[in-house]
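Below is one structure, written out as structure tokens; the observations come after it.
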Amino acid sequence: MLLLSHLPSAATATMIFMSTISISAASTPPTAFTHSTPTARSRSATTNRRRYMVPPTKSNPTIQEINAESELLRKEIEELRKEAFRRLEDLDDKLGVSSIGPYKSLTSTEPSISSTATTKSEEGLLPAPPPIVFTKSAEASKKPKKGISNLLDETKWKVSLSIGREPGTWMPKDWGVSGQRLNLSFTAEFTPSQLYEKDEFFRGGYTNAKIMHVVGNEVTLGPSISEGQRLYKVKNGGWQVSQGDGPLGTDLLRFFIELDEEVTHTGSDLYIPKGRVYCSCGYFPLMSGRQSREAVPSMKESFTKELKEVDEQIQKLREKKAEMKPFNMDRLKVGSEIGRLLREAERIQGKIAFAAVREPDKNLLRFSEDADVGLTREGGVCCRVAKGPMMEYHILGRFGVKSVESDKRRGNEQLTSSNE
Numbered sequence: 002m003l004l005l006s007h008l009p010s011a012a013t014a015t016m017i018f019m020s021t022i023s024i025s026a027a028s029t030p031p032t033a034f035t036h037s038t039p040t041a042r043s044r045s046a047t048t049n050r051r052r053y054m055v056p057p058t059k060s061n062p063t064i065q066e067i068n069a070e071s072e073l074l075r076k077e078i079e080e081l082r083k084e085a086f087r088r089l090e091d092l093d094d095k096l097g098v099s100s101i102g103p104y105k106s107l108t109s110t111e112p113s114i115s116s117t118a119t120t121k122s123e124e125g126l127l128p129a130p131p132p133i134v135f136t137k138s139a140e141a142s143k144k145p146k147k148g149i150s151n152l153l154d155e156t157k158w159k160v161s162l163s164i165g166r167e168p169g170t171w172m173p174k175d176w177g178v179s180g181q182r183l184n185l186s187f188t189a190e191f192t193p194s195q196l197y198e199k200d201e202f203f204r205g206g207y208t209n210a211k212i213m214h215v216v217g218n219e220v221t222l223g224p225s226i227s228e229g230q231r232l233y234k235v236k237n238g239g240w241q242v243s244q245g246d247g248p249l250g251t252d253l254l255r256f257f258i259e260l261d262e263e264v265t266h267t268g269s270d271l272y273i274p275k276g277r278v279y280c281s282c283g284y285f286p287l288m289s290g291r292q293s294r295e296a297v298p299s300m301k302e303s304f305t306k307e308l309k310e311v312d313e314q315i316q317k318l319r320e321k322k323a324e325m326k327p328f329n330m331d332r333l334k335v336g337s338e339i340g341r342l343l344r345e346a347e348r349i350q351g352k353i354a355f356a357a358v359r360e361p362d363k364n365l366l367r368f369s370e371d372a373d374v375g376l377t378r379e380g381g382v383c384c385r386v387a388k389g390p391m392m393e394y395h396i397l398g399r400f401g402v403k404s405v406e407s408d409k410r411r412g413n414e415q416l417t418s419s420n421e
């Protein structure tokens, strides 16, 4: 009989069953050796001994003994489980935390038991971590930073179109020969919503293109000599910032609206065809809004200052050269230095011309409400015309823009003035 009462787990019963199976297998005689040769019998006997080799046992346990052993194991497991629950309850009492209790509101003003104070006095226990508090700086850091292509998001602009014959237009020869102009205006809201409709006017078709909402979905045609102003229905359009597509690698703003019908005055030789009207202008992002625009000098200003210093050096050297006698070696050196400075001045003038395009004068720009981006005061207007299998863009005129003050900022300013 096996005495397994000293084992504290259910592995004892498993070993008993495995031992019984092994013993019964070992006691079964092999039956495949009847017609084997001596060599085959010896090889088979060796294999059989290796296969059925088991540790020797004293005797096979009976079913009653196995049942008694299993009952003893169950009792030991139950005692261990009760001991574990008892230790958990003791730990809960030490921590001062009740596993099951009545619901209490988070806003209740009743004093509560502080687990931090209790845990500090207990041995082997760490104090509870301090609560996480989000400061204003942390909340501000969560806000997404604006990039070059989304400075116009959620801004409103007044757009004024001046339609008439322009140099280089491919419109019909009798279009706008009278010199008259059509003046249209509307308010555009540049939304951050993605535009999924493809248009070849945009770089990449619709890559990074967004929806431009026309407030009221209408444009106003200004009055003429023959008739007053009129309203025309339009559909929302799209807009996109094309980086590097402008002169000398500057950025461009492209947008369009879609007219539901042809726009014209009675008896006028000018008209805007039904469909999409495309506009583009310069787009110049600033580093950090008004403070950057007012405090940081531009490249043009830096180059102008550098050119002024070179001109002063040239003037001093010319005065020095005039005081020297002719055919003097020092006079030749001064003349050579003057020539070098003249070439340097010419190089700086080229930089100034480049900077004038990259950073146009502030008077030529119209800034957004937050002053973090500027649009050129004027831009070009065109329409797309099909010529056989090809598409052409015909110049219609030019346009101007002006930022519209948001309702939120206007309300804050009115509140401030009323408090004063």
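For the sequence shown, the numbering used here begins at 2 and goes up steadily by one. Cβ atoms here follow ideal geometry from the backbone N, Cα and C, with glycine treated the same way.
By the beta-carbon neighbour count (other beta carbons within 10 angstroms, threshold 16), residue 178 is exposed. For residue 335, no beta strand (DSSP E) run applies; the uninterrupted alpha helix (DSSP H) run containing it begins and ends at 330 to 359, by DSSP.
Counting the other CB atoms within 10 Å of its CB gives residue 344 a total below 16, which places it among the exposed residues.
For residue 248, the three-state secondary structure derived from DSSP is helix. Shortest Cα-Cα distance from residue 153 to any of 240, 271, 318 involves 240. Residue range 391 to 405 is occupied by the beta strand (DSSP E) that includes residue 396. In this structure, the CA atom of residue 214 is about 9 Å from the CA atom of residue 157.
Unbroken beta strand (DSSP E) stretches of 3 residues or longer found wholly inside the segment 151 to 190: 156 to 164, given in chain order.
In the same chain as residue 246, and ignoring 5 residues on each side of it, the C-beta atoms closer than 6 Å to its own belong to 253, in chain order. Check the Cα spacing between residue 231 and each of 264, 259, 336: the tightest is with 264. Listed as beta-bridge partners of residue 211 by DSSP are 195, 240. Between the alpha carbons of residue 397 and residue 318 lies a gap of roughly 54 Å.
Taking all protein chains shown into account, residue 70 has 16 or more neighbouring C-beta atoms within 10 Å of its C-beta and is therefore buried. Two segments are said to touch when three or more pairs of C-beta atoms, one from each, lie closer than 8 Å; by this definition the segment 271 to 288 touches the segment 373 to 380. In terms of CA proximity to residue 279, 238 leads the group 312, 238, 268. By the criterion of a C-beta distance shorter than 7 Å, residue 357 is surrounded in its chain by 301, once the five residues flanking it on both sides are discounted. Taking C-beta atoms as the reference points, residue 260 and residue 233 count as a pair closer than 8 Å. Spatial neighbours of residue 183 in its own chain (CB-CB distance under 6 Å, excluding positions within 5 residues in sequence) are listed in chain order as 164, 271. For residue 305, there is no enclosing beta strand (DSSP E); the residue is part of the alpha helix (DSSP H) that begins and ends at 300 to 324. The bridge partners DSSP lists for residue 379 are 401.
In the three-state DSSP reduction, residue 226 falls in the coil class, being neither helix nor strand.
Closest by C-alpha distance to residue 243, out of 166, 235, 256, is 256. The straight-line gap separating the alpha-carbon atoms of residue 149 and residue 360 is approximately 15 Å. Excluding residues up to 5 positions away in sequence, 183, 184, 185, 186, 230 lie with their Cβ nearer than 8 Å to the Cβ of residue 223 in the same chain. Across the structure, residue 220 and residue 351 are spaced so that their CA atoms are roughly 43 Å apart. Where residue 366 is concerned, the enclosing beta strand (DSSP E) starts and stops at 366 to 368. Straight through space, the alpha carbons of residue 308 and residue 333 are spaced by roughly 24 Å.
Following the DSSP letters along the chain, one finds residue 277 inside the beta strand (DSSP E) bounded by residues 276 to 286. Sequence-distant partners of residue 326 (beyond 5 residues in either direction) whose C-beta falls short of 6 Å from its own C-beta are missing from its chain.
Straight-line spacing of the CA atoms in residue 86 and residue 68 works out to 27 Å. Proximity to residue 393 across 383, 208, 401, 162 peaks at 383, based on C-alpha coordinates. Around residue 328, the same chain offers no residue with a beta carbon nearer than 6 Å, after the five sequence neighbours per side are excluded. Linking residue 181 to residue 269 through their CA atoms gives a straight-line distance of about 8 Å. Here residue 189 is buried. Its C-beta has 16 or more other C-beta atoms within 10 Å. In the DSSP secondary-structure assignment, residue 63 is not bridged to any residue.
Exposure of residue 267 is indicated by the presence of fewer than 16 other C-beta atoms within 10 angstroms of its C-beta.
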